[in-house]
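Chains A and B supply the protein sequences, listed in that same order. The numbering of the first sequence is our numbering, which starts it at 9 and goes up by one. The numbering of the second sequence is our numbering, which starts it at 9 and goes up by one. Just so you know, even glycine gets a beta-carbon here, dropped at the ideal spot from N, CA and C. Only one structure is covered here, and it is reproduced in the block below.
There are 2 protein chains.
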Amino acid sequence: MMDATNIHISDLLDVRQQLNVSGITPTPQRLAIAEVLLTSHQHVTADEVFEKVNRSRVGPRVSKATVYNSLGLFVKKSLLREIFVDASRTFYDTNTQPHHHFYNLDTGQLIDMEERLVPFILESSLPENTLVEDIEIMIRVRNQKQ
Amino acid sequence: MMDATNIHISDLLDVRQQLNVSGITPTPQRLAIAEVLLTSHQHVTADEVFEKVNRSRVGPRVSKATVYNSLGLFVKKSLLREIFVDASRTFYDTNTQPHHHFYNLDTGQLIDMEERLVPFILESSLPENTLVEDIEIMIRVRNQKQ
DNA sequence: CGTGGATATTAGAATAGCTCTAAATCAGGA
DNA sequence: TCCTGATTTAGAGCTATTCTAATATCCACG
């Protein structure tokens, strides 16, 4: 019990610290959202976060607008990445390491792929029992300043 | 004048034939939409197609639902590819050859990248005066039947 | 030639994800 | 305590897309 409590507290401290380090004022709502992200599977939608953060009775109620604002802020501060697999919704990925994805059109499942596997994709690193339908490499660039 | 007319007619025949070959019944609306795709830049949105197909007085009026249905059908029949660069809209790409994209976050421009350039991306094949912000490789898979 | 059933098209309503607005709340420095 | 700026909120608004259900078109068969 005591252990569990300690773990929980130190987790919270970590979250608070991470927000601080990233230059994000750690408000109660943002902490609650960050907590949810920590305890969720890796790829989440805004709506999933909204549901989860308000389902549990602990912590503050968080409005939908705040969920969107906070997720957007986390993305801007590189704590999250946005993923667009179809037009109907945005996924947020808590793994900010360079990596890519397998998206299973049949199941909707989004699976990580290590970056270094890219050259071998077509040989052996596919998820089991799947066939490639389409490969899309999107490189987002910005104009050079100056 | 005569030349121009001939060219136009033969273009139409080609379009009709392409739809037939792809197993798409060539209705007047679908032909008009396919025409628009031929004479547009490579990456278009449903709304651009809708505007363009109805701006010219020749050909039938085409409803928005039919534009969406037809574009969806063309995608299913591999005459078009969908591209998701952000959550706000779907692009349709008339180039169905295997290839990828540069997306300029500053300008919204979508630029083709040849598939074979992928391994050299980070060296020299970037669009001029741009910096990489993010690379995303999306591999869409399907469950193996059987 | 009809006619009947499948296919296609349509206008407009509905949906859904996301953003905006304007008011209320909160935090913290003077 | 008061002031100011940042944050949150409910709900309205926006927009791309899909749905609905009525109409039109096509064409094979009698």
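query	result
CA-to-CA distance, A/HIS109 to A/VAL29, given in whole angstroms	28 Å
Host beta strand (DSSP E) of A/ILE91 (start-end)	89-94
Listed by chain order, chain B residues near A/PHE110 by CB distance under 7 Å	ILE147, VAL149
Any non-hydrogen atom of the ligand MG within 8 Å of A/THR104 CB	Ligands displayed in this structure: none; no statement on the ligand MG is therefore possible.
Reference B/LEU88; option with closest CA among B/VAL70, B/GLN50, B/ASN112, B/ASP55	B/GLN50
First through last residue of the alpha helix (DSSP H) which encompasses B/THR98	Careful: B/THR98 lies outside any alpha helix (DSSP H), inside the beta strand (DSSP E) at 97-101.
Cutoff 9 Å: B/ASP55 Cβ touching any chain A Cβ	no
Assigned exposure category for A/ALA42 - 16 Cβ within 10 Å defines buried	buried
Contact with chain A by B/GLY67, beta-carbon distance below 9 Å	no
For B/VAL32, three-class secondary structure by DSSP	Just to set this straight, residue 32 of chain B is Ile in the shown sequence, not Val. Note: B/ILE32 maps to coil in three-state DSSP.
Minimum Cβ-Cβ distance from B/GLN105 to chain A less than 9 Å	no
Candidates A/ILE32, A/ASP55, A/ARG148, of which the one nearest A/SER96 by Cα	A/ASP55
For B/GLU122 and B/GLN26, the rounded distance between their alpha carbons	24 Å
Nonlocal neighbours in the same chain, by C-beta distance under 7 Å from A/PRO34, ignoring five residues either side	ARG24, LEU27, ASN28
A/ILE143: contacting residues in chain B (beta-carbon distance under 9 Å)	PRO106, HIS108, GLU123, ILE145, MET146, ILE147, ARG148
Inter-residue Cα distance where the pair is B/ASN137 and B/LEU118	15 Å
Continuous alpha helix (DSSP H) stretch holding B/ASN77: start and end	72-84
Buried or exposed by the 16-neighbour rule on C-beta atoms within 10 Å, applied to A/ALA40	buried
Neighbour list for A/ASN137 in chain B, Cβ cutoff strictly below 8 Å	ASN151, GLN152
Under 9 Å by beta carbon: chain B residues contacting A/VAL140	ILE147, ARG148, VAL149, ARG150
Continuous beta strand (DSSP E) stretch holding B/GLU144: start and end	138-151
Chain B contact for A/GLU59 (CB, 9 Å cutoff)	no
Cβ shell of B/THR102 (< 7 Å), same chain only, five flanking positions each side left out	LEU45, GLN50, LEU88
Anticipated Cβ contact below 8 Å, B/ARG150 with A/LEU134, distance rounded	So it is not a contact: roughly 11 Å between Cβ atoms.
Contact residues within the region 74-99 of chain A, judged by C-beta distance below 7 Å to chain B	PHE92, VAL93, ASP94, ALA95, THR98
Residue-chain proximity (A/THR102, chain B), Cβ-Cβ < 9 Å	no
Three-state secondary structure (DSSP) of A/LEU39	helix
Counted within 10 angstroms of its Cβ, other Cβ atoms place A/ILE147 as buried (16 or more) or exposed	buried
Limits of the alpha helix (DSSP H) - the one that A/GLU56 falls within	54-63
Where the beta strand (DSSP E) through B/LEU125 begins and ends	Run containing B/LEU125: none; DSSP gives neither H nor E here.
A/LEU139 burial status per 10 Å Cβ neighbour count (16 or more: buried)	exposed
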